[in-house]
Amino acid sequence: MVNTSLRTNWIVAGFLIFLVSLFSYVYYTYHTAREEIMQQIDTRLLNAAVSVKHILGNDYHTTINSGKTIPHFLYQQRSRQLSEFARALDVEYVYAMVLKNNNVHFTASSYTQEDQNSGKVTQFFDLYPEATKANMSAFYSTEPVFEISKDQWGHFKSIFVPYIDSKGNTYLTGADIKMYDLNEHLNKSVSKAAALASFFFFIALLVASIYIYLLKRALSTDSSSGFANHIALEYYMSKSPNLHLQVAVVWVNEIEDINSFYGTKVGDKVMKSLLEYFAKRRPTGSDVFRLATNKVVLIAPFNEQHTGFSDLIQGYNFSSPLLKEPFIYITLCAGVAYGNKAMLLENAHIAALQAKQGRFSVINYSNALHDVKNQYQYNVEMAKEVREAFDNNRIVAYFQPVYDYSCDMIIQYECLARMITAHGDILLPDSFLDVVNRSRMDGTLTRTMLTQCFERFRRTSLCWSINITAHDMLDPSLTEYLEQELNRYPQPSNITLELLETEAIANFAEVKAFIALVKQRGVKVIIDDFGTGYSNISNVLKLDVDGIKLDGSLIKQIIHDTDIYLYIEHIASFAKQLNLKLIAECVENKPTVNTLLKANIHLMQGNYFAPPAPQINPHMKTFNLTQSLNGDSVDHSPNIFAQME
Numbered sequence: 025m026v027n028t029s030l031r032t033n034w035i036v037a038g039f040l041i042f043l044v045s046l047f048s049y050v051y052y053t054y055h056t057a058r059e060e061i062m063q064q065i066d067t068r069l070l071n072a073a074v075s076v077k078h079i080l081g082n083d084y085h086t087t088i089n090s091g092k093t094i095p096h097f098l099y100q101q102r103s104r105q106l107s108e109f110a111r112a113l114d115v116e117y118v119y120a121m122v123l124k125n126n127n128v129h130f131t132a133s134s135y136t137q138e139d140q141n142s143g144k145v146t147q148f149f150d151l152y153p154e155a156t157k158a159n160m161s162a163f164y165s166t167e168p169v170f171e172i173s174k175d176q177w178g179h180f181k182s183i184f185v186p187y188i189d190s191k192g193n194t195y196l197t198g199a200d201i202k203m204y205d206l207n208e209h210l211n212k213s214v215s216k217a218a219a220l221a222s223f224f225f226f227i228a229l230l231v232a233s234i235y236i237y238l239l240k241r242a243l244s245t246d247s248s249s250g251f252a253n254h255i256a257l258e259y260y261m262s263k264s265p266n267l268h269l270q271v272a273v274v275w276v277n278e279i280e281d282i283n284s285f286y287g288t289k290v291g292d293k294v295m296k297s298l299l300e301y302f303a304k305r306r307p308t309g310s311d312v313f314r315l316a317t318n319k320v321v322l323i324a325p326f327n328e329q330h331t332g333f334s335d336l337i338q339g340y341n342f343s344s345p346l347l348k349e350p351f352i353y354i355t356l357c358a359g360v361a362y363g364n365k366a367m368l369l370e371n372a373h374i375a376a377l378q379a380k381q382g383r384f385s386v387i388n389y390s391n392a393l394h395d396v397k398n399q400y401q402y403n404v405e406m407a408k409e410v411r412e413a414f415d416n417n418r419i420v421a422y423f424q425p426v427y428d429y430s431c432d433m434i435i436q437y438e439c440l441a442r443m444i445t446a447h448g449d450i451l452l453p454d455s456f457l458d459v460v461n462r463s464r465m466d467g468t469l470t471r472t473m474l475t476q477c478f479e480r481f482r483r484t485s486l487c488w489s490i491n492i493t494a495h496d497m498l499d500p501s502l503t504e505y506l507e508q509e510l511n512r513y514p515q516p517s518n519i520t521l522e523l524l525e526t527e528a529i530a531n532f533a534e535v536k537a538f539i540a541l542v543k544q545r546g547v548k549v550i551i552d553d554f555g556t557g558y559s560n561i562s563n564v565l566k567l568d569v570d571g572i573k574l575d576g577s578l579i580k581q582i583i584h585d586t587d588i589y590l591y592i593e594h595i596a597s598f599a600k601q602l603n604l605k606l607i608a609e610c611v612e613n614k615p616t617v618n619t620l621l622k623a624n625i626h627l628m629q630g631n632y633f634a635p636p637a638p639q640i641n642p643h644m645k646t647f648n649l650t651q652s653l654n655g656d657s658v659d660h661s662p663n664i665f666a667q668m669e
């Protein structure tokens, strides 16, 4: 409806522009033609009037002004000559006049066939009673006089050229041309201009129509395959009279590998062959589109009587090469959806993604996938909320102490990120960290946390730690920011950076260089979540870190699994030999504490001691736990963090 209205408005606007342009062109042409025609007529009239003097002869008016009469045969001869001359020059009349007793008389004049037929042929010395002021004034002028006037002979433009005979008397020679002829010339010019403008307008309209058609075709066609593309698909779905459609999104699993190995031309050739395969075998009434580099879309009106798309896709022979030069085999995964066209393409995409992840050839969208769609929508909303939280300073640092049982002291605080929602709810990292990483806001998160921690601990002697990712270490801007802050920080040796073992090993050279850089400033580095992934003590030695923090999943099982206990005890023994700090996180209860102490691990962190909180009491140094190990569990009420510095 909106597109139709816009199209109508464009057509009306185009027509109005054409009318204005046509009027302007005709108006310009009319005035230009009028000026040219008037100049031509003035020149023709002047030539005609000047020639009258030569046709009559120099003595003609000297004789008349001497009081003598021109013989009748001579007058007729001159009239005939003037008439022939007027016809040859295409003027209506040429003549000569004198002024006697304030009256204008003809001394010679041409005539027309019409004058002869009506008996209006001018005779010698006929009075010209219609003489105008311009006509009379010409006898006293030294320049030719032009005028437009009407008399019994018609509507004319005239010229009067004054001459003086040898006796000093003034006479006029003149010429007339009918205004009808002038208007006819102008009308022809205007008509010609309008016709020419209309011709070029329709030529331009035709060219524009062809151009728009070709442009639409180019925009809606995939150039490499010749099949309709995503723009054509969107148009098809918006214009389809069928409210219910069935759609299949087909994924070519190997296309990226083909492009990287053989080049995009071969990849396009593969897609073209697949499109042709589906085009030849598609159900009646369906259409084929190339949606993206590795995606094909099949679409048709919904028909409950057949499941043509699923059968067509599953019928593809994966063991037969799609191309023979080079030999290329492909596999497909597809999502099929049917129903109301409003959300159909999105549903088919979800089904195709599930098919790809589950290594199925075809999955039909159903209510079972509705939860997946809800998760997508949740991710979109969460990404928006995270961005707003960054913009409104609602990403805040919480602090959890690390306790040393060997000396009954809090030795440092780990800084943990929390997000405060617009409604005031506190979200743990599990709720938003994946969205932060997917949205490439992890660097922003690290910078935000570092800024808050530098500000919070700058005027204290407290030790603190913070998590940092390999991506942060590879970010030059973040590395530069960290260097600047460390140069300004009074005690960099109080800072510990925690990084994941898996990320450290995957980016070994870069991480090792980063560790060397920060350790030059006195910063300590420990490996976080040790015990999973690569878990190799030699990796730790190569990175030259200061300690390791055991993965929480191991700590939670230590009292139930003997193998895990022995594994952790083994790590503790190695850490002691290598003089590495060893921290156990996620300590939730007293039995876990006792088991860790038995394994010779004294640095612990977890809710058993205190949950993460937004405030700390810098004067609190101990939990007084050494004497409560055999008694009741520690009191972890929030008052241990109650008072800020």
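Mapping of the sequence shown onto the numbering used here: residues 25 to 669, in sequence order. We treat Cβ as the ideally placed atom computed from N, Cα and C, and that holds for glycine.
{"Asked": "Residue span of the beta strand (DSSP E) that contains GLY467, given as start and end", "Found": "Premise fails: GLY467 lies in the alpha helix (DSSP H), 466-481, not in any beta strand (DSSP E)."}
{"Asked": "Exposure label - CYS477; buried when at least 16 CB within 10 Å", "Found": "buried"}
{"Asked": "The stretch 531-540 in contact with the stretch 610-626 per 3-pair CB rule at 8 Å", "Found": "no"}
{"Asked": "According to DSSP, residues forming a beta bridge with LYS181", "Found": "ILE172, ILE201"}
{"Asked": "Inter-residue spacing [alpha-carbon to alpha-carbon] between GLY382 and ASN283", "Found": "24 Å"}
{"Asked": "Nearest candidate by alpha-carbon position, reference CYS487, set THR520, LEU578, SER501", "Found": "THR520"}
{"Asked": "Ranges of the alpha helix (DSSP H) found wholly within the stretch 351-394, counting only runs of at least 4", "Found": "368-382"}
{"Asked": "LEU299 vs ARG314 beta-carbon contact at 8 Å", "Found": "yes"}
{"Asked": "Own chain partners of ARG104 with C-beta closer than 6 Å, once the 5 adjacent residues on each side are dropped", "Found": "none"}
{"Asked": "Cα-Cα separation, LEU40 to TYR52", "Found": "18 Å"}
{"Asked": "Uninterrupted alpha helix (DSSP H) stretches inside the stretch 486-559 (no shorter than 4 residues)", "Found": "494-497, 500-512, 525-530, 532-544"}
{"Asked": "Bounding residues of the beta strand (DSSP E) (the contiguous stretch that carries ARG314)", "Found": "311-316"}
{"Asked": "Extent of the continuous alpha helix (DSSP H) run through ILE579", "Found": "576-581"}
{"Asked": "Three-way DSSP call (helix, strand, coil) for ASP139 in this model", "Found": "helix"}
{"Asked": "Inter-residue Cα distance where the pair is LYS202 and LYS181", "Found": "6 Å"}
{"Asked": "Unbroken alpha helix (DSSP H) run spanning TYR84, endpoints", "Found": "84-89"}
{"Asked": "Opening and closing residue of the alpha helix (DSSP H) in which ARG102 lies", "Found": "96-113"}
{"Asked": "Any 3 or more C-beta pairs closer than 8 Å across the stretch 596-603 and the stretch 627-643", "Found": "no"}
{"Asked": "The stretch 353-368 touching the stretch 271-278, judged by at least three CB pairs closer than 8 Å", "Found": "yes"}
{"Asked": "For SER222, the three-state DSSP class (helix, strand or coil)", "Found": "helix"}
{"Asked": "Cutoff 7 Å; reference HIS626; Cβ partners in own chain excluding five residues on either side", "Found": "ASP428, TYR429, SER430"}
{"Asked": "C-alpha gap between VAL26 and ALA413, whole angstroms", "Found": "Low confidence applies here, because VAL26 scores a pLDDT of 40, under 50, leaving its location unreliable and the question unanswered by this model."}
{"Asked": "Inter-residue Cα distance where the pair is LEU128 and LYS77", "Found": "The question names Leu, yet the displayed sequence has Val at residue 128. Going by the C-alpha atoms only, they are around 18 Å apart."}
{"Asked": "Reduced DSSP secondary structure (H/G/I, E/B, other) of SER133", "Found": "strand"}
{"Asked": "Bridge partner(s) assigned by DSSP for PHE423", "Found": "CYS439, ALA637"}
{"Asked": "Helix, strand or coil at LEU257 [DSSP, three-state]", "Found": "helix"}
{"Asked": "As assigned by DSSP and simplified to three states, the class of ALA407", "Found": "helix"}
{"Asked": "Residue interval of the beta strand (DSSP E) (run including VAL607)", "Found": "Contrary to the premise, residue 607 reads as Ile rather than Val in this sequence. Here the beta strand (DSSP E) through ILE607 covers 605-608."}
{"Asked": "Short CB-CB distance (under 8 Å) between LYS263 and chain D", "Found": "No chain D appears in the structure shown, which is made up of a single protein chain."}
{"Asked": "Assigned secondary structure, GLU278 (DSSP; H/G/I helix, E/B strand, else coil)", "Found": "coil"}
{"Asked": "ILE444 versus VAL420 - alpha carbon distance", "Found": "8 Å"}
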